[in-house]
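Throughout the sequence shown, residue numbering follows this note's numbering, covering 77 to 318 in sequence.
To start, the structure under review is shown below, and the notes come after it.
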Amino acid sequence: MPVYTGETFDARTTRSETLPDLGSDEGHREPFHFISSPGSWECIDLLELATLHSQQQGIELAEAQRDLDIDPDVRWEWVPRLKKFHHTPGVNGVSARAGGLARALGEYRGAGWTIIEPDQGPGGTSYIRRLQTRRGTRYVDAWTSYVAVGIGRMAPRFDDVGWLQWRRELVREGIVQAPPPEVLEGATDLVSREIGRLESRSHLPHIQTKIEQLMAKLAGMRAGRFPVASSSRSTRSKRAKA
Numbered sequence: 077m078p079v080y081t082g083e084t085f086d087a088r089t090t091r092s093e094t095l096p097d098l099g100s101d102e103g104h105r106e107p108f109h110f111i112s113s114p115g116s117w118e119c120i121d122l123l124e125l126a127t128l129h130s131q132q133q134g135i136e137l138a139e140a141q142r143d144l145d146i147d148p149d150v151r152w153e154w155v156p157r158l159k160k161f162h163h164t165p166g167v168n169g170v171s172a173r174a175g176g177l178a179r180a181l182g183e184y185r186g187a188g189w190t191i192i193e194p195d196q197g198p199g200g201t202s203y204i205r206r207l208q209t210r211r212g213t214r215y216v217d218a219w220t221s222y223v224a225v226g227i228g229r230m231a232p233r234f235d236d237v238g239w240l241q242w243r244r245e246l247v248r249e250g251i252v253q254a255p256p257p258e259v260l261e262g263a264t265d266l267v268s269r270e271i272g273r274l275e276s277r278s279h280l281p282h283i284q285t286k287i288e289q290l291m292a293k294l295a296g297m298r299a300g301r302f303p304v305a306s307s308s309r310s311t312r313s314k315r316a317k318a
């Protein structure tokens with residue numbers, strides 16, 4: 077069955093009766109920017125990321141780590157959480173007047189948000205995809221596609237590996253700057269408090285399992301690093317520029 081990525085259908089060449097109907101899972105009517113708050117970060121498990129990639133591609137774990145430029149000696153990394161800033165008049169301070177979007181983005185930038193431009197998507201492409209549907213034009217991100225799951229039925233499919241990898245790239249390339257240590261300390265404190273709240277019920281097997289998972293996560297957060305380009309990656313980049 078076909079997979080619709082936002083590049084498959086073009087209104088200039090496709091009849092309306094052949095367009096997909098995405099139902100309640102369709103994308104947004106307006107395009108968007110991704111924005112990053114300096115206080116919103118999460119720590120990801122690179123082993124889980126590489127394992128997922130190896131399973132999806134049918135390759136060995138070591139090869140998956142090389143594909144994703146993951147140092148086998150580093151398991152945890154901090155990456156930014158991102159928010160979609162839709163270009164909808166009347167939302168997020170966007171005015172319908174000329175220049176309203178630029179002014180709204182400027183206000184967010186002035187408040188400390190990092191505005192990620194659409195052309196800073198994966199591989200230097202746009203992270204916005206335009207999809208023609210029976211209900212009109214819809215906008216989705218580059219990691220969301222739709223697959224036919226029956227007659228007249230579509231379901232969204234999300235590329236978790238690509239999404240996480242792109243957020244790592246944002247930090248590596250300096251598009252999103254690393255936050256001050258206090259931000260990470262605040263995130264670890266939240267996990268510590270959650271463990272503390274659960275300790276009184278640690279005699280329950282499922283609670284004890286949850287505590288162990290949180291303790292492993294907390295240890296990873298404390299040991300976590302920020303994504304950096306590996307030496308092999310830097311060498312490849314220099315060769316490409318040459």
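C-beta atoms are modelled at their ideal positions from N, C-alpha and C, and glycine is treated no differently.
Range of the contiguous alpha helix (DSSP H) that encloses residue i
i	result
residue 281	281-299
residue 184	176-186
residue 269	257-274
residue 142	137-143
Residue i vs residue j beta-carbon contact at 8 Å
i	j	result
residue 117	residue 237	no
residue 112	residue 252	yes
residue 184	residue 194	no
residue 122	residue 146	yes
residue 144	residue 125	yes
residue 209	residue 96	yes
residue 155	residue 240	yes
residue 169	residue 187	no
residue 161	residue 247	no
residue 267	residue 297	yes
Opening and closing residue of the beta strand (DSSP E) in which residue i lies
i	result
residue 153	152-162
residue 109	108-121
Residues bridged to residue i [DSSP beta-bridge criterion]
i	result
residue 208	213
residue 229	226
residue 190	112
residue 129	Residue 129 is not bridged to any residue.
residue 234	220
Nearest candidate by alpha-carbon position, reference residue i, set the options
i	options	result
residue 299	257, 269, 275, 274	257
residue 215	265, 175, 287, 164	164
residue 114	158, 272, 166	158
residue 217	228, 273, 196, 270	196
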